[in-house]
Each structure stands twice: as structure tokens, then as C-alpha cells.
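Using this note's numbering, the first residue of the sequence shown is number -17, and each one after it goes up by one. Notes follow once the structure below has been shown.
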Amino acid sequence: MSRRQSYESDNTTRGKARKPRCLSACQIARNVKSFELWTAHQGCEEVGYDDVPREMRTVVHNVFDITSQLPKEWLGTTDTSRRMKTVLPPDFLGFMNTAGRAVPALFTSQVAENDSKQLLSELQIVFSAWNRIRKMRQSSRKWSEADFAANVYNVIRSPAVQQGDYRAQCSIALPQPLSVSRIKAGDLRVLNAKTASPDSSIFIPARHMSHLSYGSKSAYKVLQSLSKGKMSASGSIGGESSFRFQSTPCAKLPDTQGFEFASTYWEDKKHQYIEDAHRQNRMATASAVRQLHALGINAPVFGLVWAQGTVRAHVDWWETDPRSGQLMIRSAAYAGTNPSNRRTSGVFHEWNLEEPADILQVYLLIKKLDHWTVNGFLDRVIQGIEQLKVDVLRGHQLVPWKRKGDLAKVLEAKANAHQLKGTPRPSLSITPSSSPPKRRSRRRVPRSS
């Protein structure tokens, strides 16, 4: 290519308006203004823990209630503790006694013998993770988020989830904005984001929902046929979406058609980015809540934020404004059983995994979330899906919730429609114009002999 051609090609490239790249979920969460813009278009609102709806309070309280979970016989100098001392690591009973002094309510004399044996086996893993975090904190080395996840977080997370479907780094789809009319061109870099990747999540196992998904008369097959495989274009971004695409929060569709639901999402970050982690996790839980709303399921979604050996929790749910009918996605920080005794001045209760009582409570909380996923959460999913089938048979129209397509095209279409609306209609008069076009004469070229 010649220098001139190269110059012209470069000028052509520069002359073209380069399309701005959309921000990732991580980048949105890192910038408070970007996050506030995203939440404003999603109807998200941060509220107090006392604002949890009455019909959900018992459920949420039971999940966070981790009292009376461990055998009191393990404490002090009982016969049981003396027998344990002969077979267990020497520091284990000291670890348990420290936890008992800090939070006596963790222990009870009502634990069954079989449950006690199972817990004793499981808590060796927790004890191991506690020893690791102590060594990490005492070391002068700088530890990354991945180091904490590998050495501490995943050591207690994976074993605690024994009934649900535990997934790591599962990419999920973000929800579409609630209203297209309020979107401005400058918002596109934020609102065009389509996916997020929580560090961990718990899904309902497919086997628990086989009757909803796989039978010829299952709710999934009925809803898919009634919607002709598509959902209403009302509220959709970029055209209609397949019902299969809307029935899962995941960005990648499962191999077998069917429903997928997540009960909790978790995000890991360094401690100086703990607020970023909370915002990013709220984007993930908002996605789960939007799916539940679209399919008529009324259930809370829980979130955990892990940062440099500390853990925070929040709970999210959906409501509709009684006056306007507008969807609202609400999120409340878990403040603990006694907010006045919190270590920090913020709205969150914070567990420090270096403290024996705290790491035990976090492990037990994960077990409660696991149990909730395949029991109370599953029950609400089944109830909501079966009712949705009835409603659709009566004429209710499904509306998509997932981000789809390019919002810039929607804005362009909206602008064109507005321009056409303001353009005067052409005159229907047949009056000839004042200066009719001149007839072009054809020049005759003589033939060559």
C-alpha cells in the first residue's frame, strides 16, 4: 500500500464514529455514579432490614438464625470433651471453647447424637480453614483475593453445600432496563452491560425440578407452547426473546431445556474494595430477583460478600408499588441479631473469619442457605410456576426480563419515530411546480467509419 493510500485509509478510519464499549459489571460497581445509573433504570433501592415484607420475615429470620446449632457437650470438661481430646487435634477443643465464650447461643444440649457426629467431622474442615487464615494474617506477605478464596473461602464453602448445586464463576445475564423511554445516549455504556460472573452461587439441582421441566404436560412445556416459544415483545429490548432463554438466569443455556433458579450469589474482593463487591453482588441478586418476578415467584434472594477474611450478607426481593404498579427491587443489609453491638459503624453485621465463633457462624449460615435452597425456596418456585401456568392459560402474557440486543438501536428507532412524528405530511395537491424540470437533450455521437 502506498503512503497516500495508507494516509487516506487512516483518515477514513478516524472519520468514522467509534462505538463506545460498554462497561463490565465490575467496572460499573467500581464507579458509584455508574452503579447508581444502573440501579435507577432497574428500579433498585437499598432499604433497611426491618423493611423485609411481612410474608418473608419468618423465612429470612430463619435463614439468618444460626443459634442452637452445636452440641454443648463439647465445651468445658465434660466426659464427651475428654473423650474427644484423645482423638482430635489438641487445639480443636480450645477453638470450640473460645467460640462458646464469645457466642454461647451457638450451643445447645438438644443436638441428636448422629447429627453431633456429622458436625464433628465437618468442623475439622472449618478448624483447618481457621488455622490457615491465622497464618495468613500473621504473615508479612501480601495476599490476593484468589489466595483467600483458595485457602479459606472455598475450604468452608464447598463442603457446606451438600444438597444444592454449588457453582463457581457461573456467568449470568443481567436484567434489561425497566423503561426504554428514560434512556439517554450517554447511558448506553452502562446499560448495555449484559453479563456478570459471581464468584459462587447455589442453584436448585435439576433433579428437584424434573417434574416442572421434562414431562410432556410439565409447566415448562405448557408455558413454552402457549408462548409459541417466544415471550411478549412488550418491554423487550431488541425484539422477542425465547422462553428457554428467559427460564434461566445463566448467560449460557443448559444442555437440556428446563428451568434454572439461583437462591444466593457471592462475590469476593480485597477488603479495600468491599463496597465495590457489595454493589457488584447486588447486580447479580437483582438479576435473580427479576427472573423470579417475571415468572411469578415471590421469594427472597440472599447475597454474601467476602473480602480479606470478612463476610457480610444482604437479602433482596421484589415488590410492586400499590399505586403505580411499578416494579421495585429492594435490598437490605443484614444487621445482625444485636445491631448495637456491631464492630463497625456501618449498616452491615461483619463476620471476621479469624474469630472462632465467626467462622463457625459463617459455615453454619452456608448450611442454612443450602437447606433453604432445596426446601423453602424450591417450594416457592414450584408454587409460583404452577400458578403462572394457570395464569397464562387465562390470558396472562409473559414479559422478558433478560438484557438482549443493542440499546443504541432502540434509541435510534425511538429518535426516528419522533422525527417522523414531527415531520409535516406531504401535500396532496396536484398543482404543477413553478419551474418544471428541463428535458435533457441527448448528444449524438457520430459513428466512426
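Just so you know, even glycine gets a beta-carbon here, dropped at the ideal spot from N, CA and C.
{"Query": "Neighbour-count burial assignment, GLY146, 16 or more Cβ in a 10 Å radius", "Result": "buried"}
{"Query": "N-terminal and C-terminal residue of the beta strand (DSSP E) that VAL287 is part of", "Result": "283 to 289"}
{"Query": "Classification of SER313 by the beta-carbon crowding that lies within 10 angstroms, buried from 16 upward", "Result": "buried"}
{"Query": "Proximity of VAL297 and VAL42 at Cβ, strictly below 8 Å", "Result": "yes"}
{"Query": "Nearest-angstrom Cα separation, counted from LYS386 out to ALA259", "Result": "25 Å"}
{"Query": "Backbone CA spacing between ARG139 and TYR345 [nearest angstrom]", "Result": "7 Å"}
{"Query": "Between the CA atoms of ASP61 and ASN79 - distance to the nearest angstrom", "Result": "15 Å"}
{"Query": "Span of the alpha helix (DSSP H) around ALA233", "Result": "Premise fails: ALA233 is in no alpha helix (DSSP H) and is neither H nor E."}
{"Query": "Alpha-carbon spacing of LYS349 relative to TYR148, whole angstroms", "Result": "12 Å"}
{"Query": "Beta strand (DSSP E) segments (min. 3 residues) lying fully within the segment 237 to 293", "Result": "244 to 251 and 283 to 289"}
{"Query": "Counted within 10 angstroms of its Cβ, other Cβ atoms place GLU37 as buried (16 or more) or exposed", "Result": "exposed"}
{"Query": "TRP383 beta carbon less than 8 Å from that of GLN273", "Result": "yes"}
{"Query": "Assumed close pair CYS26, ASN174 - CB separation to whole angstroms, cut-off 8 Å", "Result": "Wrong, their Cβ atoms sit about 17 Å apart, outside the cutoff."}
{"Query": "Three-way DSSP call (helix, strand, coil) for PRO53 in this model", "Result": "strand"}
{"Query": "Closest residue to PRO231 among MET265, GLU257, SER50 and SER63 (Cα-Cα distance)", "Result": "MET265"}
{"Query": "Exposed unless 16 or more other CB atoms sit within 10 angstroms - verdict on ASN44", "Result": "exposed"}
{"Query": "Beta-carbon separation (whole angstroms), ASP250 vs GLU127, contact threshold 8 Å", "Result": "5 Å"}
{"Query": "For ILE184, the residue or residues it bridges with in DSSP", "Result": "TYR148 and THR246"}
{"Query": "Through-space distance from GLY58 to LYS67, alpha-carbon basis", "Result": "11 Å"}
{"Query": "Start-to-end residues for the beta strand (DSSP E) that takes in ALA314", "Result": "309 to 315"}
{"Query": "Residue from SER91, ALA7, ALA167 and PHE77 whose Cα sits closest to the Cα of GLN51", "Result": "SER91"}
{"Query": "Beta-carbon proximity check, LEU380 vs VAL372, cutoff 8 Å", "Result": "no"}
{"Query": "Chain-order list of residues whose beta-carbon lies under 8 Å from that of GLY278 (same chain, five-residue window excluded)", "Result": "GLY366, ILE367, GLN369, LEU370 and ASP373"}
{"Query": "Chain-order list of residues whose beta-carbon lies under 7 Å from that of SER6 (same chain, five-residue window excluded)", "Result": "ALA175"}
{"Query": "Nonlocal neighbours in the same chain, by C-beta distance under 6 Å from PRO187, ignoring five residues either side", "Result": "ASP147"}
{"Query": "Local Cβ density within 10 Å of GLY432, reported as buried at 16 or more and exposed below that", "Result": "In the structure displayed, the chain extends from -17 to 431; residue 432 sits before or after that span and is not available."}
{"Query": "Closest by C-alpha distance to ALA432, when choosing among VAL329, VAL143 and ALA111", "Result": "With the chain represented from -17 up to 431, any question about residue 432 goes unanswered, as that position is not in the structure."}
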